[in-house]
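Asks: Just dropping this structure here.
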Amino acid sequence: MGNINIEDIIGESKKSSLCKRFAKILGAEVLESRRDLCVVTFNRDLDVEILGRRTRSPLVLGALFSFENMDKCGKTLNLGETVILQEEINPFISILRENHIKVTALHNHWLFENPRLFYIHFESIDEPLDFARKVAEALKVLKC
Numbered sequence: 002m003g004n005i006n007i008e009d010i011i012g013e014s015k016k017s018s019l020c021k022r023f024a025k026i027l028g029a030e031v032l033e034s035r036r037d038l039c040v041v042t043f044n045r046d047l048d049v050e051i052l053g054r055r056t057r058s059p060l061v062l063g064a065l066f067s068f069e070n071m072d073k074c075g076k077t078l079n080l081g082e083t084v085i086l087q088e089e090i091n092p093f094i095s096i097l098r099e100n101h102i103k104v105t106a107l108h109n110h111w112l113f114e115n116p117r118l119f120y121i122h123f124e125s126i127d128e129p130l131d132f133a134r135k136v137a138e139a140l141k142v143l144k145c
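Counting along the sequence shown from 1, when you hit position 45 you're at 46 in our numbering, and nothing is skipped either side.
Structure (structure tokens):
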């Protein structure tokens, strides 16, 4: 049986706690939390139809956020993606940009959906809780 490294256990516990705090700020649930990665998610509460059929799929309504690769200054690679309504795009992007978060993609995923949906991707190198607070500010412009 291998030796248990107490530093690994303490580090894992701190990372898990940090991931939970990250999720709480974003109003999300922890999807995955391990030493080198934190992924959190929530689904938007939107009434959407694709091909005339109502959908509640996380493939359509999901938002995902993650952080990983903490450096010695406590900064991480932070990533985000969320479904966004057309009329929410400009105010959402404005807040992200004011907070020095790079918008890296804006595109559709589906055809024949109602209402029209887009998906926005964004990234930064920042302290993970600071990133979460900045994104949470932008999320306030979303309808649901």
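Cβ coordinates follow ideal geometry from the N, Cα and C atoms, glycine included.
1) Expressed to the nearest angstrom, what Euclidean distance is found between the alpha-carbon atoms of F68 and F113?
2) Select from V84, K144 and M71 the residue whose C-alpha is nearest the C-alpha of D39.
3) For L65, tell me which candidate among A29, C74 and D48 has the shortest Cα-Cα distance.
4) Excluding sequence positions up to five away, which residues of its chain have a Cβ less than 8 Å from the Cβ of E128?
5) In the DSSP output, which residue or residues are listed as bridge partners for G63?
6) Less than 8 Å separating the beta-carbons of R117 and Q87?
Replies: If we stick to the structure as given:
1) Using only the alpha carbons, I get a separation of about 33 Å.
2) For the sequence presented, residue 39 should be read as Cys rather than Asp. Nearest C-alpha to C39: M71.
3) Nearest option by C-alpha distance: A29.
4) Around E128: G75, K76 and T77.
5) Looking at the DSSP assignment, G63 forms a beta bridge with N44.
6) A Cβ-Cβ contact shorter than 8 Å links R117 with Q87.
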